[in-house]
Amino acid sequence: MFDIKGLVNSLFQPASQEGVFNLKSATIFMEELPESDILQAQIEIVKALKQLNSNPKISATERFKTIPYLEEKAQPLQSHLLDIYHGRLIEEGTTSHQVLPTILSFWHEMAAGYLSCIKQGSQKKFVPTQKIEQFTLRAMELYAIQAQYAYMRHLEIDHHIWRNLNRLYQFAEQSNFADKPQIAAENISIYQVYVRALMLSLASPEKIQSAQIELIAIWLKKWINEIVLEKELKPHQHLFAINLTGTSSPKRIRRDMVGENWRYWTADPVTTQIQKLITQISQGEPTSLLGVPAESSTPANLELLQTLCNLWSKDTITPVRKHERQSNNKSIRVITGLPNILPFMSQQGKTATTSADHVSAEKWELGDESASGFGLNYHSDIQLETGELLGLANLSNHPFTIGIVRRFNRSHKGFVSVGVETLTQTPLIVELTPLLAEHSISCIYAPEGPSSNPARFLIIPNDIYTENKEYKFTAQNKSYRIRLSPALEHTPTFVLAKFTVLEKL
3 MFDIKGLVNS LFQPASQEGV FNLKSATIFM EELPESDILQ AQIEIVKALK
53 QLNSNPKISA TERFKTIPYL EEKAQPLQSH LLDIYHGRLI EEGTTSHQVL
103 PTILSFWHEM AAGYLSCIKQ GSQKKFVPTQ KIEQFTLRAM ELYAIQAQYA
153 YMRHLEIDHH IWRNLNRLYQ FAEQSNFADK PQIAAENISI YQVYVRALML
203 SLASPEKIQS AQIELIAIWL KKWINEIVLE KELKPHQHLF AINLTGTSSP
253 KRIRRDMVGE NWRYWTADPV TTQIQKLITQ ISQGEPTSLL GVPAESSTPA
303 NLELLQTLCN LWSKDTITPV RKHERQSNNK SIRVITGLPN ILPFMSQQGK
353 TATTSADHVS AEKWELGDES ASGFGLNYHS DIQLETGELL GLANLSNHPF
403 TIGIVRRFNR SHKGFVSVGV ETLTQTPLIV ELTPLLAEHS ISCIYAPEGP
453 SSNPARFLII PNDIYTENKE YKFTAQNKSY RIRLSPALEH TPTFVLAKFT
503 VLEKL
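For the sequence shown, our numbering gives the first residue as 3, with consecutive numbering after it.
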């Protein structure tokens, strides 16, 4: 007999859904993921999240269960991929370049998932407030980490990230739970996450090395409680402002930054803490007792602390351009890093007077120049950091110029803009030999320096520099006994230092 009842039921039942569409399907999905291939498993989770986020038919109840469940199960995989990306874990056949797209896609889709929870929950009358608060916190944290990793890669930030950070904070503020500590691993509030993102963007990340940006994010966790966002502008007190309805990062206050959607603050309480920390570290107090990472005490990071103090202090005058730039579009050859510059100069008879055609050099474009430096552009995957040493061949009227990267920005299309400060246009290779030793080390001697610091100085590999150490200095068949002065600047690979001539040998 024909089953009329079955036919009617099949017509009126909703069509079966495929993939992940509720907690049960997510549980089955997770059980079927490959255990041996963590990267592929996370790729599949990202696909499931994307499917979930694009499905408007999922009920609020199921979405509220499924999104947190997927995040909980995916977090160990994400941590594993982050360890590979940062070099803390070596996995054969998997590189940092391979895992990064999946890491970023997971954060993006998970943040979108929590946004969907917030939007769907806000339309319901009987959704527990605590759930909305927790979803808002997680969305805020996920957009903040996306911003941090964009800064760490010196990449321009998608305006959607700041739009969502601003609007999520505004939503939490209007709902009176922005400063309420949420039940989470760090017992942190939305306010704290937001302020940390604001201050990180004000640290001029385009001028800081990637590892130092990560370090600043850690320091900020210790400092953010001192900052208060206010609705009323106090011109003689406040220094920074953010538009909660805007799509951009915070800025120093200007005259047009007024209105009910603006928030204002000063970082003076933070700069006071930083100065105290610098003093404590300089006096030898252990970083473990000060509650900061061990690397905070390195010379380069002490310099970074002072830089932050200057950036965030209202006593510091707003930076202005020292010299006028002039457009000068031409192709030049660039040698990157002290280990590559030294062999190039050696090939040129110690004077670097010919082109870089016979060495490994990148072709870059000169965009503009001034009395103190250059603006360069290139399109390449070459790894570069602020503080990197560059050799510039056939530039202007000088055959070879040594410069240091001060600013570094990468677009999403791969175009890179680099600001370079001139260190010397007459570099010379010299040999430094420790007293009572025979082995010498090659360094670069700058007979003249930049206009702001014209005294002679050395560019020395970082691992051999010691303040006040004496060396035999040999250049152009002449030798001297010298003593190294306190460093002008520390970088991860080299030091700029003056010296005192003690005697001719």
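The beta carbon of each residue, even a glycine, is placed where N, CA and C say it ideally should be.
In terms of alpha-carbon separation, which member of P401, T495, E64, T300 lies closest to N342? Locating residue 342 in the sequence shown gives position 340, counting from the first residue. Comparing Cα positions, the closest option is T495.
In whole angstroms, what separates the C-alpha of L204 from that of Q478? Counted from its first residue, the sequence shown places residue 204 at position 202. Counted from its first residue, the sequence shown places residue 478 at position 476. If you take the alpha carbons of L204 and Q478, they lie about 47 angstroms apart.
Pairing CB atoms from the region 476-490 with CB atoms from the region 407-415, are three or more of them under 8 angstroms? no
In whole angstroms, what separates the C-alpha of A363 from that of L391? Position 361 of the sequence shown, counted from the first residue, corresponds to residue 363. Position 389 of the sequence shown, counted from the first residue, corresponds to residue 391. Taking the straight line from one Cα to the other gives about 13 angstroms.
E175 by DSSP, collapsed to three states: which one? What you label residue 175 is simply residue 173 of the sequence shown in a count that begins at 1. It is helical.
Using a threshold of 7 angstroms, is the CB atom of I229 nearer than that to any non-hydrogen atom of the ligand NAD? Looking at this structure, you won't find the ligand NAD or any other ligand, since it has none at all.
Report the three-state DSSP secondary structure of V503 (helix, strand or coil). For the purposes of this step, residue 503 is taken as the residue at position 501 of the sequence shown. DSSP places V503 in strand when its eight states are reduced to three.
If I follow the unbroken beta strand (DSSP E) through H441, where does it start and stop? Here the question's residue 441 lines up with position 439 in the sequence shown. No beta strand (DSSP E) contains H441, which DSSP labels as neither H nor E.
Buried or exposed for T273, please, with buried defined as at least 16 other CB atoms from any protein chain shown within 10 angstroms of its CB. The sequence position of residue 273 within the sequence shown is 271, counting from 1. With 16 or more other Cβ atoms within 10 Å, it is buried.
Only counting the same chain, and skipping five residues up and downstream in sequence, which positions put a Cβ closer than 7 angstroms to that of N470? Translated into the one-based positions of the sequence shown, residue 470 becomes position 468. So the list reads R485, L486, once near-sequence residues are dropped.
Can you tell me whether R140 is buried or exposed, with buried defined as 16 or more other CB within 10 angstroms of its CB? Here residue 140 is taken as the residue at index 138 of the sequence shown, counted from 1. That one is buried.
Close beta carbons around V230, own chain, < 7 angstroms, minus the five adjacent residues each side: Position 228 of the sequence shown, counted from the first residue, corresponds to residue 230. Around V230: W267.
What are the start and end residues of the alpha helix (DSSP H) that includes I229? Start at 1 with the first residue of the sequence shown, and residue 229 comes out as number 227. That residue, I229, is in no alpha helix (DSSP H); it is neither H nor E in DSSP.
If distances are taken between C-alpha atoms only, which option among V101, Y71, E74, I461 comes closest to D85? Your numbering for residue 85 matches position 83 in the sequence shown. Nearest C-alpha to D85 among V101, Y71, E74, I461: V101.
Taking contact to mean 3 or more Cβ pairs, one atom from each stretch, closer than 8 angstroms, check whether the region 422-437 and the region 173-188 are in contact. no
On the premise that V336 lies in contact with L394, defined as a C-beta separation below 8 angstroms, what is that separation, rounded to the nearest angstrom? Stepping through the sequence shown from its first residue, residue 394 is reached at position 392. Stepping through the sequence shown from its first residue, residue 336 is reached at position 334. Between V336 and L394 the Cβ distance is about 6 angstroms, and since that is below 8 angstroms, they are a contact.
Have a look at the DSSP bridge pairing and note the partners of A243. Walking along the sequence shown from the start, residue 243 turns up at place 241. For A243, the pairing in a beta bridge is given by DSSP as K253, Y266.
Coarse secondary structure for K570, derived from DSSP in three states: Outside the displayed span of the chain (3 to 507) sits residue 570, for which this structure offers no information.
Going by C-alpha distance, which of Q132, E216, K209 is nearest A149? Taking the first residue of the sequence shown as 1, we reach residue 149 at position 147. For A149, the closest C-alpha among the options Q132, E216, K209 is that of E216.
Less than 8 angstroms between the beta carbons of A448 and T468, yes or no? Sequence index remark: in the sequence shown, residue 448 carries index 446 (1-based). Sequence index remark: in the sequence shown, residue 468 carries index 466 (1-based). Going by C-beta atoms, A448 is not nearer than 8 angstroms to T468.
How do the region 123-135 and the region 60-78 stand: do at least 3 beta-carbon pairs fall below 8 angstroms, yes or no? Touching, yes, given that three or more Cβ pairs across the two stretches are closer than 8 angstroms.
Please report how far the alpha carbon of C119 lies from the alpha carbon of A62, in whole angstroms. Here residue 119 corresponds to residue number 117 of the sequence shown, with the count starting at 1. Here residue 62 corresponds to residue number 60 of the sequence shown, with the count starting at 1. Those two C-alpha atoms are separated by around 7 angstroms.
From the DSSP output, in three-state form, read off S357 for me. By one-based count along the sequence shown, residue 357 stands at place 355. Unreliable placement is indicated for S357, whose pLDDT of 46 sits below 50; no coordinate value is reported for it.
Report the CB separation of R265 from E232 in whole angstroms; it is logged as a contact under 8 angstroms. Residue 265 sits at position 263 when you count from the first residue of the sequence shown. Residue 232 sits at position 230 when you count from the first residue of the sequence shown. Sure, about 7 angstroms apart at Cβ, within 8 angstroms.
For Q385, the nearest candidate out of H99, S38, L167 (CA to CA): Stepping through the sequence shown from its first residue, residue 385 is reached at position 383. Minimum Cα distance to Q385 is reached at H99.
Curious, which full-length alpha helix (DSSP H) runs of at least 4 residues does the region 333-414 contain? Runs found: 340-349.
Bridge-paired residues (DSSP) for L447: Within the sequence shown, the letter at position 445 stands for residue 447. The identity of residue 447 in the sequence shown is Tyr, whereas the question assumes Leu. Bridge partners of Y447: L430, L460.
For V272, list the residues DSSP reports as bridge partners. As a working mapping, residue 272 is identified with position 270 in the sequence shown. According to DSSP, residue pairing for V272 in a beta bridge does not occur.
Measure the alpha-carbon distance for I244 versus L279 and round it to whole angstroms. The sequence position of residue 244 within the sequence shown is 242, counting from 1. The sequence position of residue 279 within the sequence shown is 277, counting from 1. Each residue's Cα considered, the two are about 28 angstroms apart.
Counting beta carbon pairs with one atom in the region 311-319 and one in the region 495-505, are three or more of them shorter than 8 angstroms? no
Between W221 and the rest of its own chain, which residues show a CB-CB distance below 7 angstroms, the 5 nearest in sequence each way excluded? Within the sequence shown, the letter at position 219 stands for residue 221. The answer, listed in chain order, is V294.
What are the start and end residues of the beta strand (DSSP E) that includes K480? For the purposes of this step, residue 480 is taken as residue 478 along the sequence shown, with counting starting at 1. Per DSSP, K480 belongs to the beta strand (DSSP E) from 480-492.
Nearest to Y116 (by Cα), restricted to the options H414, P301, M142, H492: Taking the sequence shown and counting its residues from 1, one reaches residue 116 at position 114. When only C-alpha atoms are compared, the closest one is M142.
Spatial distance of G389 from L304 (CA atoms): For the purposes of this step, residue 389 is identified with residue 387 of the sequence shown, where counting begins at 1. For the purposes of this step, residue 304 is identified with residue 302 of the sequence shown, where counting begins at 1. For G389 and L304, the distance between alpha carbons rounds to 15 angstroms.
Distance check for I105 and K75, CA to CA, integer angstroms please. Residue mapping note: residue 75 aligns to position 73 of the sequence shown, counting from 1. Residue mapping note: residue 105 aligns to position 103 of the sequence shown, counting from 1. Computed Cα separation, rounded: 15 angstroms.
Given that a residue counts as buried once 16 or more other Cβ atoms are within 10 Å of its Cβ, and exposed if not, what is D359? For this step, residue 359 is matched to residue 357 along the sequence shown. Confidence at D359 is low in this model, with a pLDDT of 49, below 50, so its placement is unreliable and the value that follows should be read with caution. By the neighbour-count rule (16 or more Cβ atoms within 10 Å), D359 is not buried but exposed.
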